[in-house]
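Protein chains in written order, with the numbering used here: chain A, 96 to 386; chain B, 96 to 386.
Glycine included, every Cβ here is placed at the ideal spot set by N, Cα and C.
Everything numeric in this text was worked out from a predicted model, so none of it was measured.
These notes are about the structure you will find just below.
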């Protein structure tokens with residue numbers, strides 16, 4: 096192929112590295128839309144399950160081997176495993192290979208991608224979906240359908256590589272959205288990582304108080320269930336996210352702490368006009384967020 | 096009838112006062128399971144809609160008239176309207192009538208019920224369900240199905256009245272759970288009202304920061320949507336709830352503020368062992384809450 100030209104998705108061999116919820120779902124959604132999907136995971140039970148569920152054409156426990164035969168390599172592990180793999184994978188990659196990831200935070204990943212050999216094409220990726228259950232057993236080929244899939248190119252990323260990334264995103268039913276890494280980390284700090292901390296704080300509060308009442312879990316309703324849902328997220332994934340987006344997460348959470356404090360004071364002081372006005376504004380604001 | 100004996104539900108005329116989400120749904124679920132359902136609402140458009148949707152057998156804009164012919168009166172308005180109505184309704188009630196409510200907070204309601212004439216039977220009620228949309232248009236006869244419906248009897252409430260309340264709860268597909276008012280207010284302060292404040296704090300934080308980025312709402316995912324859902328709750332309902340359960344709500348929210356602060360510090364300080372342990376514990380705790 097001409098230098099810089101990428102093999103079209105339909106002819107590409109794609110390795111998905113890490114067959115958990117995200118990787119398994121992506122592999123399954125890509126299968127049949129490219130030449131071959133190789134599932135890479137060290138855990139034999141996981142690769143067996145991926146084969147059994149028809150998510151992959153082939154499996155391999157060895158990234159080096161899979162990388163050597165792949166046009167596209169997608170790292171779908173927790174963020175800090177992505178960082179480690181990016182440090183190792185360089186020598187194994189084919190010239191012109193597209194290297195993507197599915198990590199929720201981008202600053203450190205894009206820095207590690209920057210250090211990849213010049214003959215490969217790096218592209219950050221972050222699909223805006225998830226579940227509070229993890230693992231290949233939770234994988235679902237419909238997971239990406241209708242969702243936004245952030246793509247964060249580096250300055251070294253070619254237009255052809257970005258186009259191929261967009262083609263891949265559309266192939267799994269998602270909508271590509273190009274955002275630079277810094278901006279994406281800022282946005283997801285508030286829109287994705289902060290909700291996780293709030294859900295955890297809620298579960299923690301209930302655990303410390305009402306959980307001792309045997310009736311508590313008979314009366315818990317949809318509000319608590321929904322507000323706490325993401326506290327069930329995979330812990331390794333979340334520790335990696337919070338650690339690699341620490342600054343933005345802490346900033347967003349401190350802001351939210353202040354907002355919560357303000358709301359508590361409104362309730363406490365009984366300034367009803369102000370309370371009603373504030374809550375009405377927030378109700379409208381949320382409506383605009385989800386019309 | 097013998098004194099203290101209640102007319103069975105199937106023979107009862109039931110007035111539902113306030114045909115919003117909760118009242119409309121309850122009326123619709125009761126219709127056909129009692130002699131007559133009367134929908135009481137001052138708003139003609141609301142009573143018209145209730146008739147049109149088949150939620151009620153009759154409607155009346157005048158509580159005094161409806162109360163005079165009813166065996167069961169269920170107050171399904173915001174809490175402070177319930178309090179006002181309880182102060183007015185006494186003289187209009189039939190001897191032996193069962194007076195219930197659907198309010199989320201119980202302390203003030205049960206105190207107002209205590210003051211009802213001795214010849215009527217008061218019973219606090221709180222169905223553990225809701226939606227972030229309100230009004231008769233959101234009413235749904237399946238709303239109570241499979242849900243817990245708290246009943247809080249007063250010491251003056253007869254066993255027969257409590258049994259009739261339980262029969263009514265089962266008739267709409269819910270499971271009755273008898274809890275005294277103080278304990279229910281404590282539990283829902285953490286399990287229901289606190290999630291609302293957290294959802295509001297989250298929306299407020301996003302509004303103050305990321306909302307100015309036009310891409311924010313393209314990337315917002317299920318986590319934010321679920322964690323913020325109850326911020327869309329009806330404002331009048333919530334102001335009444337927060338105001339009449341102020342002490343418990345503030346206490347629960349202050350506890351949660353402290354838990355959030357603890358989590359933020361764990362992220363900030365980078366004590367990863369402690370962070371992982373805490374998040375893993377909370378994940379397990381939530382799993383136990385919703386097995």
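Do residue j and residue i have their beta-carbon atoms positioned less than 8 angstroms apart in this structure?
| i | j | result |
| --- | --- | --- |
| residue 267 of chain B | residue 246 of chain B | no |
| residue 306 of chain B | residue 381 of chain A | no |
| residue 297 of chain B | residue 290 of chain A | yes |
| residue 374 of chain A | residue 362 of chain A | no |
| residue 234 of chain B | residue 120 of chain B | yes |
| residue 285 of chain A | residue 301 of chain B | yes |
| residue 152 of chain B | residue 126 of chain B | yes |
| residue 359 of chain A | residue 102 of chain B | no |
| residue 181 of chain A | residue 207 of chain A | yes |
| residue 325 of chain A | residue 294 of chain A | yes |
| residue 112 of chain A | residue 168 of chain A | yes |
| residue 202 of chain A | residue 276 of chain A | yes |
| residue 223 of chain B | residue 243 of chain B | yes |
| residue 272 of chain B | residue 248 of chain B | no |
| residue 213 of chain A | residue 189 of chain A | no |
| residue 229 of chain A | residue 308 of chain A | no |
| residue 327 of chain B | residue 378 of chain A | yes |
| residue 299 of chain A | residue 354 of chain B | yes |
| residue 356 of chain A | residue 352 of chain B | yes |
Given that residue i touches chain B, what residues does it touch there, using C-beta distances under 8 angstroms?
| i | result |
| --- | --- |
| residue 359 of chain A | 292, 345, 348, 349, 352 |
| residue 367 of chain A | 334, 338 |
| residue 124 of chain A | Result: empty, since nearest Cβ-Cβ is about 17 angstroms, beyond 8 angstroms. |
| residue 310 of chain A | 272, 274, 278, 282 |
Starting from residue i, find everything on chain B with Cβ-Cβ shorter than 7 angstroms and list it in chain order.
| i | result |
| --- | --- |
| residue 129 of chain A | Correct list: empty, because the minimum Cβ distance to chain B is about 25 angstroms. |
| residue 313 of chain A | 243, 272 |
| residue 319 of chain A | 286, 287, 290 |
| residue 302 of chain A | 380 |
| residue 362 of chain A | 337, 341, 344, 345 |
| residue 296 of chain A | 351, 354, 355, 358 |
| residue 327 of chain A | 378, 381, 382 |
Could you work out which residue in the options is closest to residue i when comparing CA atoms only?
| i | options | result |
| --- | --- | --- |
| residue 105 of chain A | A:313, A:129, A:119, A:133 | A:129 |
| residue 216 of chain A | A:100, A:308, A:355 | A:100 |
| residue 332 of chain B | B:288, B:372, B:299 | B:288 |
| residue 108 of chain B | B:327, B:379, B:194 | B:194 |
| residue 274 of chain B | B:150, B:313, B:200 | B:200 |
| residue 221 of chain B | B:365, B:303, B:279 | B:279 |
| residue 147 of chain A | A:123, A:157, A:372 | A:123 |
Spatial neighbours of residue i within its chain, please: C-beta separation below 6 angstroms, excluding the five flanking residues on both sides.
| i | result |
| --- | --- |
| residue 117 of chain A | 171, 197 |
| residue 114 of chain A | 134, 136, 141, 145, 231 |
| residue 161 of chain A | 110, 133, 135, 155 |
Going along chain A in order, which residues have a C-beta closer than 8 angstroms to the C-beta of residue i?
| i | result |
| --- | --- |
| residue 225 of chain B | 316, 317, 318 |
Quick check on the DSSP output: the alpha helix (DSSP H) that includes residue i runs from which residue to which?
| i | result |
| --- | --- |
| residue 314 of chain A | 311–314 |
| residue 186 of chain B | It is not in any alpha helix (DSSP H) - residue 186 of chain B carries neither H nor E in the DSSP assignment. |
| residue 384 of chain A | 367–384 |
| residue 290 of chain B | 289–303 |
| residue 143 of chain A | 139–147 |
| residue 333 of chain A | 330–339 |
| residue 246 of chain B | Note, residue 246 of chain B: premise wrong, no alpha helix (DSSP H); beta strand (DSSP E) at 243–248. |
| residue 193 of chain A | Counting along the chain, residue 193 of chain A falls outside any alpha helix (DSSP H), though it belongs to the beta strand (DSSP E) covering 193–196. |
| residue 120 of chain B | 116–125 |
| residue 254 of chain A | 254–266 |
| residue 157 of chain B | Unbroken run through residue 157 of chain B: none, as it is neither H nor E. |
Apart from the five residues on each side of it in sequence, which residues of its chain come closer than 8 angstroms, Cβ to Cβ, to residue i?
| i | result |
| --- | --- |
| residue 438 of chain A | One cannot answer for residue 438 of chain A here, as it falls past the ends of chain A, which runs 96 to 386. |
| residue 96 of chain B | Note that residue 96 of chain B scores 46 on pLDDT, short of 50, meaning its location in the model is unreliable; the coordinates nonetheless yield the value given after this. Excluding residues within five positions, the ones whose Cβ falls inside 8 angstroms are 102, 191. |
| residue 281 of chain B | 343 |
Among the residues of its own chain, which have a CB less than 7 angstroms from the CB of residue i, if the five just before and after it don't count?
| i | result |
| --- | --- |
| residue 159 of chain B | 187 |
| residue 98 of chain A | Reliability fails at residue 98 of chain A, whose pLDDT of 49 lies under 50, so the model's placement of it is uncertain and the value that follows must be treated cautiously. The answer is none, since no qualifying residue turns up. |
| residue 321 of chain B | none |
| residue 259 of chain A | 101, 104, 193 |
Which residues of chain A have a Cβ atom closer than 7 angstroms to the Cβ of residue i, listed in chain order?
| i | result |
| --- | --- |
| residue 371 of chain B | 330, 334 |
| residue 305 of chain B | 282, 285, 286 |
| residue 299 of chain B | 354, 377 |
| residue 374 of chain B | 295, 330, 333, 334 |
| residue 385 of chain B | 320 |
What residue range does the beta strand (DSSP E) around residue i cover?
| i | result |
| --- | --- |
| residue 219 of chain A | 216–222 |
| residue 272 of chain A | 270–273 |
| residue 168 of chain A | 167–170 |
| residue 133 of chain B | 131–135 |
| residue 108 of chain B | 108–112 |
For a test of your reading of the model: does the CB of residue i fall under 7 angstroms from any non-hydrogen atom of the ligand PLP? Yes or no.
| i | result |
| --- | --- |
| residue 196 of chain A | Ligands are entirely absent from the displayed structure, and the ligand PLP is therefore not among its contents. |
Mind pulling the chain A residues with CB within less than 9 angstroms of residue i?
| i | result |
| --- | --- |
| residue 265 of chain B | None at all; the shortest Cβ gap to chain A is about 15 angstroms. |
So which residues on chain B does residue i lean against when the C-beta distance must stay under 9 angstroms?
| i | result |
| --- | --- |
| residue 165 of chain A | Going along chain B, no residue has its Cβ under 9 angstroms from residue 165 of chain A, so there is no contact; the nearest lies around 28 angstroms. |
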